[in-house]
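*Asks:* Just so you know, we're using the UniProt record's numbering here: the sequence shown kicks off at 1 and counts up by one. Where a beta carbon is used, it is the ideal one built from N, C-alpha and C, also for glycine.
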Amino acid sequence: MQNRLFQNTLTQLKKDVKRVVGVIDDTETIIACSDESRIGNVVDNIFTVFDTSGEVRCIGGFSYKKIETFNKNEYAVFCEGEDDVAANACCFLGIHFLTIKQYYDEKYDRNSFVKNIIVDNILPGDVLYRTRELHLTVEANRVVYLVRVQKNVENAALDILKNLFPDRNRDFVIRIDDHDSVVIKEFKSEAGKDEILQVAQNIVDTLSSEDMIAVSVGISTMVSTIQELAQAYREARIALEVGKVFDTEKNIISYDNLGIGRLIYQLPTTLCELFLKEVFKKESINVLDNETIGTIQKFFENNLNVSETSRKLFVHRNTLVYRLDKIKKLTGLDLREFDDAIIFKVAMMVNRYLTSEPTRI
Numbered sequence: 001m002q003n004r005l006f007q008n009t010l011t012q013l014k015k016d017v018k019r020v021v022g023v024i025d026d027t028e029t030i031i032a033c034s035d036e037s038r039i040g041n042v043v044d045n046i047f048t049v050f051d052t053s054g055e056v057r058c059i060g061g062f063s064y065k066k067i068e069t070f071n072k073n074e075y076a077v078f079c080e081g082e083d084d085v086a087a088n089a090c091c092f093l094g095i096h097f098l099t100i101k102q103y104y105d106e107k108y109d110r111n112s113f114v115k116n117i118i119v120d121n122i123l124p125g126d127v128l129y130r131t132r133e134l135h136l137t138v139e140a141n142r143v144v145y146l147v148r149v150q151k152n153v154e155n156a157a158l159d160i161l162k163n164l165f166p167d168r169n170r171d172f173v174i175r176i177d178d179h180d181s182v183v184i185k186e187f188k189s190e191a192g193k194d195e196i197l198q199v200a201q202n203i204v205d206t207l208s209s210e211d212m213i214a215v216s217v218g219i220s221t222m223v224s225t226i227q228e229l230a231q232a233y234r235e236a237r238i239a240l241e242v243g244k245v246f247d248t249e250k251n252i253i254s255y256d257n258l259g260i261g262r263l264i265y266q267l268p269t270t271l272c273e274l275f276l277k278e279v280f281k282k283e284s285i286n287v288l289d290n291e292t293i294g295t296i297q298k299f300f301e302n303n304l305n306v307s308e309t310s311r312k313l314f315v316h317r318n319t320l321v322y323r324l325d326k327i328k329k330l331t332g333l334d335l336r337e338f339d340d341a342i343i344f345k346v347a348m349m350v351n352r353y354l355t356s357e358p359t360r361i
């Protein structure tokens, strides 16, 4: 369909442009040309002649201009001749080509349509109509995986993900920006949390092993309709942002396992600051040194058990009691008391949230 649109345009231009003009795709193959006998020919190594300037390049009696679409696929247009007329024709063809490509993607490309859904770039009333027009399933169990990688490897990561999820009828792999890609995976109704988590683990393992890519994955809850994908995408983004604050050692974070971190993330910062002032009436939480913070964390890890904590810290029981008394004196909270321990635990998380300055979604 897309190539036919290009070809129809070039056929019409053939009457006015007395030169051979055409389009080359990212496999270096001519996919449309005013001289139809050239369609299917390969122009070897054509993309190696271009630089980042986007200037027209002249080779073997033809002028070529590289075109990069929004999803980073490479194309080139060409015109017979190496003069200014050919260069201007390439520039005109490039603009015209991008217009056609955008029209096609918006009207016929499933990935572009699904991307518009998840980023809220489509009217709600148009979703069902376009879903049926593109022969997509409205009701299906789907999970959104937000895959985040370091910059400059996003294209390699995207190619790996596309190979990992080859079912183009049920699953979608969508590039969001230089760091993020989205995998939308369809599941059977009986799929459990372990199966959903295993998909994320496969993503991490594959990216890490094939290209040594540092990766983190946010997982949404399962949704049952295509209209809910925008909410699922938002959940996956929140999972990564909250995990970046409270679960820094994890590279897979599920939205439904965020716990109290999700609650804190959704609170206004002014309310969080007020909470800290109310809890720490005597001294700020920042007066506690790293050793004291480490003691507190280990105490929480061992369920407020003094004997077990002192053993794990390799200190005498009385030393730990002294430290806990010191904390009580500074903060007014006795961590051996369950209620005080909960308040302090939440306060530590709130303080970490405020100092991390996460992106609000």
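Kindly indicate which three-state DSSP category Arg-132 falls into: helix, strand or coil?
*Replies:* Counting from 1 along the sequence shown, the entry for residue 132 is found at position 132. Helix, per DSSP.
*Asks:* Kindly indicate which three-state DSSP category Thr-225 falls into: helix, strand or coil?
*Replies:* Position 225 of the sequence shown, counting from 1, holds the residue named residue 225. Of the three classes helix, strand and coil, the one that applies to Thr-225 here is strand, per DSSP.
*Asks:* Considering Cα atoms alone, identify which of Val-77, Gln-102, Tyr-103 is closest to Phe-92.
*Replies:* For this step, residue 92 is matched to residue 92 along the sequence shown. When each option's Cα is compared against that of Phe-92, the closest is Val-77.
*Asks:* Closest to Val-23 by CA distance: which of Thr-248, Ala-89, Asp-83 is it?
*Replies:* The residue labelled residue 23 in the question sits at position 23 within the sequence shown. Ranking Thr-248, Ala-89, Asp-83 by CA distance to the CA of Val-23 puts Ala-89 first.
*Asks:* Is the Cβ-Cβ distance between Ile-223 and Arg-352 less than 9 Å?
*Replies:* For the purposes of this step, residue 223 is taken as residue 223 along the sequence shown, with counting starting at 1. For the purposes of this step, residue 352 is taken as residue 352 along the sequence shown, with counting starting at 1. A quick correction: the sequence has Val, not Ile, at residue 223. The beta carbons of Val-223 and Arg-352 sit no closer together than 9 Å.
*Asks:* Write down every uninterrupted run of the beta strand (DSSP E) in the region 19-104 whose length is 3 residues or greater and which is fully enclosed by it, in chain order.
*Replies:* 21-24, 30-33, 57-59, 62-68, 74-80
*Asks:* Expressed to the nearest angstrom, what Euclidean distance is found between the alpha-carbon atoms of Asn-163 and Asn-290?
*Replies:* For this step, residue 163 is matched to residue 163 along the sequence shown. For this step, residue 290 is matched to residue 290 along the sequence shown. If you take the alpha carbons of Asn-163 and Asn-290, they lie about 46 Å apart.
*Asks:* Quick check on Arg-148: does DSSP put it in helix, strand or coil?
*Replies:* Taking the first residue of the sequence shown as position 1, residue 148 is located at position 148. Arg-148 falls in the strand class under three-state DSSP.
*Asks:* Could you check where the alpha helix (DSSP H) with Lys-312 kicks off and where it finishes?
*Replies:* Counted from its first residue, the sequence shown places residue 312 at position 312. First-last of the alpha helix (DSSP H) with Lys-312: 306-313.
*Asks:* Using a Cβ-Cβ cutoff of less than 6 Å, which residues in the same chain neighbour Cys-33 once the five nearest sequence positions on both sides are dropped?
*Replies:* Sequence index remark: in the sequence shown, residue 33 carries index 33 (1-based). Once the five neighbours on either side are set aside, the close Cβ partners of Cys-33 are Gly-22, Ile-39.
*Asks:* Quick one: what's got a C-beta closer than 6 Å to Leu-158's C-beta in the same chain, skipping five residues either side?
*Replies:* Along the sequence shown, one-based indexing puts residue 158 at 158. Within the same chain, Leu-158 has close Cβ partners Arg-175, Ser-181.
*Asks:* Give a yes or no on contact between the region 300-320 and the region 206-223, applying the rule of three or more CB pairs nearer than 8 Å.
*Replies:* Taking a contact to require three or more Cβ pairs closer than 8 Å, the region 300-320 and the region 206-223 do not qualify as touching.
*Asks:* In the DSSP output, what is Glu-139 paired with across the bridge?
*Replies:* One-based indexing of the sequence shown puts residue 139 at position 139. Bridge partners of Glu-139: Thr-225.
*Asks:* Tell me, please, whether the region 268-277 touches the region 289-307 by the rule of three or more beta-carbon pairs shorter than 8 Å.
*Replies:* The region 268-277, when compared against the region 289-307, does not touch it at the 8 Å Cβ threshold.
*Asks:* Whose C-alpha, out of Thr-137, Val-119, Lys-18, is nearest the C-alpha of Cys-79?
*Replies:* Position 79 of the sequence shown, counted from the start, is the residue given in the question as residue 79. Comparing Cα-Cα distances from Cys-79 to each of Thr-137, Val-119, Lys-18, the minimum goes to Lys-18.
*Asks:* DSSP state of Phe-280, grouped into three classes?
*Replies:* Start at 1 with the first residue of the sequence shown, and residue 280 comes out as number 280. Coil at Phe-280, not helix or strand.
*Asks:* Check whether the region 230-238 touches the region 208-216, counting contact only when three or more Cβ pairs, one atom from each stretch, lie closer than 8 Å.
*Replies:* no
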